[in-house]
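K.L.:
Take this structure, written in structure tokens, and hold onto it; I'll ask about it next.
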Amino acid sequence: MKLMIVLATLFMTVHLFAHGGNKPGPHGGKIKMPGMFHTELLIKNHHIFRVYLLDMKFENPVIEKSKVQYSFNGSDKVICEPTKSYFLCETKRVIKGHYTLKLFVKRNKMKGVATYKNKKMNH
């Protein structure tokens, strides 16, 4: 019985890490899986970040028929602007310290919510 629990835990851990949670995405950002696709969050500075909508293989960023909105620390949703291969998001708030950033995304016909939390406190 203990062996089954250990194997099940190991399988679930490997499965979670297989979706990119433990390593940077192809553009150096943080990966989440809000549905049958991945989001990659890349913070450029204290007010600007990029969101890539990637397929299951962490490739083929899509902006056509797609949409990204974000909520920073529970604020109202803000629309991000599409560029050639990613969505550009700007905020008047400073992105540092402890924060929760929720991405409300649509990649083609698939929708999802990706939550990124930073628990680090910057001084």
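Just so it is clear: in the sequence shown, position 16 is 16 by the numbering used here, and no numbers are missing.
Virtual Cβ for every residue (Gly too), placed ideally from N, Cα, C.
Helix, strand or coil for N108, going by three-state DSSP, please let me know.
P.N.:
Numbered from 1 along the sequence shown, position 108 holds the residue referred to as residue 108. The answer is coil: DSSP assigns N108 none of H, G, I, E or B.
K.L.:
Which residues does DSSP pair with H38 in a beta bridge?
P.N.:
The count along the sequence shown starts at 1 and reaches residue 38 at position 38. In the DSSP output, where bridge partners are listed per residue, H38 has L54.
K.L.:
Under three-state DSSP, which class holds C100?
P.N.:
Along the sequence shown, one-based indexing puts residue 100 at 100. The sequence shown places Thr at residue 100, rather than the Cys named in the question. Here T100 sits in strand by DSSP.
K.L.:
Which residues does DSSP pair with E90 in a beta bridge?
P.N.:
Within the sequence shown, numbered from 1, the residue matching residue 90 stands at position 90. Looking at the DSSP assignment, E90 forms a beta bridge with I48.
K.L.:
Please classify T39: is it buried, with 16 or more other beta-carbons within 10 angstroms of its beta-carbon, or exposed?
P.N.:
As a first step, residue 39 is located in the sequence shown; it is residue number 39 there, counting from the start. It is buried - the Cβ of T39 has at least 16 other Cβ atoms within 10 Å.
K.L.:
Helix, strand or coil for L16 per DSSP?
P.N.:
Taking the sequence shown and counting its residues from 1, the one referred to as residue 16 is at position 16. At L16 the pLDDT is 42, less than 50, meaning the model places this residue with poor confidence and gives no usable figure here.
K.L.:
In the DSSP assignment, find the beta strand (DSSP E) that holds V68 and state where it starts and stops.
P.N.:
By 1-based counting over the sequence shown, the position of residue 68 is 68. Element bounds for V68: 67 to 72.
K.L.:
Take N108 as the anchor and find which of R50, P61, L42, I43 has the nearest alpha-carbon.
P.N.:
As a first step, residue 108 is located in the sequence shown; it is residue number 108 there, counting from the start. Among R50, P61, L42, I43, the Cα nearest to that of N108 belongs to P61.
K.L.:
Just to check my reading of the structure: H47 and E90 have Cβ atoms closer than 8 Å, yes? What is that Cβ distance to the nearest angstrom?
P.N.:
Residue 47 sits at position 47 when you count from the first residue of the sequence shown. Residue 90 sits at position 90 when you count from the first residue of the sequence shown. With 8 Å as the limit, H47 and E90 qualify as a contact, their Cβ atoms being about 6 Å apart.
K.L.:
Would you call A8 buried or exposed, if buried means 16 or more other Cβ atoms sit within 10 Å of its Cβ?
P.N.:
By one-based count along the sequence shown, residue 8 stands at place 8. The pLDDT assigned to A8 is 44, lower than 50, so where the model puts this residue is not dependable; a value taken from the coordinates is nonetheless given after this. Label assigned to A8: exposed.
K.L.:
Count the other CB atoms within 10 Å of the CB of K120; is the residue buried (16 or more) or exposed (fewer)?
P.N.:
Locating residue 120 in the sequence shown gives position 120, counting from the first residue. The residue in question, K120, is exposed, as its Cβ has fewer than 16 Cβ neighbours within 10 Å.
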